[in-house]
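Each residue of the sequence shown is one higher than the one before, starting from 1234 at the first, in the working numbering.
For reference, the structure discussed in these notes is given below.
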Amino acid sequence: MTTKTLMKKIRIVEKENEEVDRHYWMSKSPEDRLSTVEFLREQFYVIQGFASVPRLTRKIRIVEGFD
């Protein structure tokens, strides 16, 4: 069994970099962006100490009387 150590790294950037970030992510395919979100979600649960990553729940709301 291998042990991995995660280190938190925080970097404060100027607001003007948001535009560059947005262009970067918009240049990626939807699959790449979704894959990155899933990776970050998994990392969040690992850091929080969960033994396994919970599945996303699907919620459905039925609205009646909408014409």
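Glycine is no exception: its CB is placed at the ideal position from the N, C-alpha and C atoms.
Since this is a predicted model, take the numbers as computed values, not measurements.
| Item | Value |
| --- | --- |
| Which residues in the same chain as Glu-1297 place their Cβ atom closer than 7 angstroms to its Cβ, once the five residues preceding and following it in sequence are excluded? | none |
| Rounded to the nearest angstrom, how far is the Cβ of Tyr-1278 from that of Val-1270, given a contact under 8 angstroms? | Actually they do not touch by this definition, with Cβ atoms about 13 angstroms apart. |
| Taking only three categories from DSSP, how would you classify Thr-1290? | coil |
| Does DSSP classify Glu-1247 as helix, strand or coil? | coil |
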